[in-house]
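Report on one structure; see the data block that follows.
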Amino acid sequence: GENVEQHPSTLSVQEGDSAVIKCTYSDSASNYFPWYKQELGKRPQLIIDIRSNVGEKKDQRIAVTLNKTAKHFSLHITETQPEDSAVYFCAATPGFQKLVFGTGTRLLVSP
Amino acid sequence: ETGVTQTPRHLVMGMTNKKSLKCEQHLGHNAMYWYKQSAKKPLELMFVYNFKEQTENNSVPSRFSPECPNSSHLFLHLHTLQPEDSALYLCASSQAPRTGAGETQYFGPGTRLLVL
Chain B
308 GENVEQHPST
318 LSVQEGDSAV
328 IKCTYSDSAS
338 NYFPWYKQEL
348 GKRPQLIIDI
358 RSNVGEKKDQ
368 RIAVTLNKTA
378 KHFSLHITET
388 QPEDSAVYFC
398 AATPGFQKLV
408 FGTGTRLLVS
418 P
Chain Y
19 ETGVTQTPRH
29 LVMGMTNKKS
39 LKCEQHLGHN
49 AMYWYKQSAK
59 KPLELMFVYN
69 FKEQTENNSV
79 PSRFSPECPN
89 SSHLFLHLHT
99 LQPEDSALYL
109 CASSQAPRTG
119 AGETQYFGPG
129 TRLLVL
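Quick mapping for you: the protein sequence lines, in order, are chains B and Y.
The first sequence begins at 308 in this note's numbering and counts up one residue at a time.
The second sequence begins at 19 in this note's numbering and counts up one residue at a time.
This is the structure:
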């Protein structure tokens with residue numbers, strides 16, 4: 308079955324710096340890759356997603372890149388702010404509705 | 019409340035108890051999901067329902083019994099749970115995929131369950 312690995316597990320940056328979180332997946336059939344942000348005690352919320360027919364997608368300070376050949380995708384956050392501090396999860400969809408999640412990255416943005 | 023709601027938000031139960039978790043979505047979706055979120059483990063998909071029919075059971079023990087009476091409501095019935103079942107149980111909903119590609123899933127706030 309699909310296996311999603313996510314790195315790093317924790318990431319500390321200074322406000323204004325960029326943050327990059329990387330994920331790899333194993334099943335070449337995966338065609339949908341969402342990223343979720345989960346603040347402490349709150350629900351996971353979708354921040355950006357990308358489909359397998361696209362290599363890059365950007366939404367203001369957030370971007371996601373996908374390399375299907377290498378089976379990896381990355382989340383890029385520029386000009387980080389303290390409110391970006393949260394746990395970020397990547398996921399892959401090997402078939403239909405079966406989202407397989409990574410283990411999460413705890414991002415801490417220090418003022 | 020809009021979006022996806024879950025009750026109760028917190029639940030403490032003994033191993034011999036029977037309890038139920040409830041999820042309701044107000045987004046007009048026709049697919050609903052149960053996930054388990056344990057500390058230091060990835061979110062694990064448990065069940066998927068499309069148009070009230072169960073389409074995925076991710077090898078979940080029978081002490082967890084889902085029920086989907088309609089496209090807006092989803093229940094998770096719990097009985098004879100173990101302490102290792104303590105976790106955050108998240109419900110999600112989405113449109114049912116039409117082309118095989120993924121659809122955005124919207125999560126509820128979760129029920130934090132503690133089994134003593």
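Note that CB positions come from ideal geometry on N, CA and C, so glycine has one too.
Being a predicted model, the structure only gives us computed values, none of them experimental.
To which residues does DSSP link phenylalanine 69 of chain Y through a beta bridge? Locating residue 69 of chain Y in the second sequence gives position 51, where the first residue counts as 1. Assignment of beta-bridge partners to phenylalanine 69 of chain Y by DSSP yields no partner.
Here's the rule: buried if 16 or more other CB atoms are within 10 angstroms of the residue's CB, otherwise exposed. What is histidine 47 of chain Y? Locating residue 47 of chain Y in the second sequence gives position 29, where the first residue counts as 1. Buried is the label assigned to histidine 47 of chain Y, since at least 16 other Cβ atoms lie within 10 Å of its Cβ.
Is alanine 336 of chain B close to the ligand PLP? I mean its beta-carbon at under 7 Å from any heavy atom of the ligand. With respect to the ligand PLP, the structure shown offers nothing to examine, as it has no ligands at all.
Serine 417 of chain B - containing beta strand (DSSP E), residue span: On the first sequence, residue 417 of chain B is found 110 positions in, with the first residue counted as 1. Counting along the chain, the beta strand (DSSP E) containing serine 417 of chain B begins and ends at 412–417.
What span of residues does the beta strand (DSSP E) with glutamate 312 of chain B cover, start to end? What you label residue 312 of chain B is simply residue 5 of the first sequence in a count that begins at 1. Its beta strand (DSSP E) spans residues 311–314.
Where DSSP assigns a beta bridge to lysine 405 of chain B, which residues make up the other side? Here residue 405 of chain B is taken as the residue at index 98 of the first sequence, counted from 1. DSSP lists no bridge partner for lysine 405 of chain B.
Backbone secondary structure at glutamate 42 of chain Y - three-state DSSP: Residue mapping note: residue 42 of chain Y aligns to position 24 of the second sequence, counting from 1. Here glutamate 42 of chain Y sits in strand by DSSP.
Assign proline 87 of chain Y to one of three DSSP states: helix, strand, or coil. To locate residue 87 of chain Y, count along the second sequence from 1; it is residue 69. Strand.
Give me whichever residues DSSP pairs with arginine 130 of chain Y in a beta bridge. Locating residue 130 of chain Y in the second sequence gives position 112, where the first residue counts as 1. Per DSSP, the beta-bridge partners of arginine 130 of chain Y are Y:His28, Y:Leu106.
If distances are taken between C-alpha atoms only, which option among Y:Glu102, Y:Thr34, Y:Cys86 comes closest to glutamine 43 of chain Y? Taking the second sequence and counting its residues from 1, one reaches residue 43 of chain Y at position 25. The alpha carbon of glutamine 43 of chain Y has as its nearest neighbour, out of Y:Glu102, Y:Thr34, Y:Cys86, the alpha carbon of Y:Cys86.
On the three-state DSSP scale, how would you describe proline 60 of chain Y? Within the second sequence, residue 60 of chain Y is the residue found at index 42, counting from 1. The answer is coil: DSSP assigns proline 60 of chain Y none of H, G, I, E or B.
Report the residue from B:Glu346, B:Arg368, B:Leu373, B:Gly348 whose alpha carbon sits nearest the alpha carbon of arginine 358 of chain B. Within the first sequence, numbered from 1, the residue matching residue 358 of chain B stands at position 51. Answer by Cα proximity: B:Leu373.
Are at least three pairs of beta-carbons, each pair with one atom in the region 392–411 of chain B and one in the region 333–342 of chain B, less than 8 Å apart? The region 392–411 of chain B makes contact with the region 333–342 of chain B, as at least three CB pairs between them are under 8 Å.
Of the listed residues B:Thr412, B:Gln321, B:Asn310, B:Tyr332, nearest to glutamate 386 of chain B (C-alpha basis): In the first sequence, residue 386 of chain B corresponds to position 79, counting from 1. Put simply, of B:Thr412, B:Gln321, B:Asn310, B:Tyr332 the residue whose alpha carbon is nearest the alpha carbon of glutamate 386 of chain B is B:Gln321.
Coarse secondary structure for proline 341 of chain B, derived from DSSP in three states: To locate residue 341 of chain B, count along the first sequence from 1; it is residue 34. Residue state, collapsed to three classes: strand.
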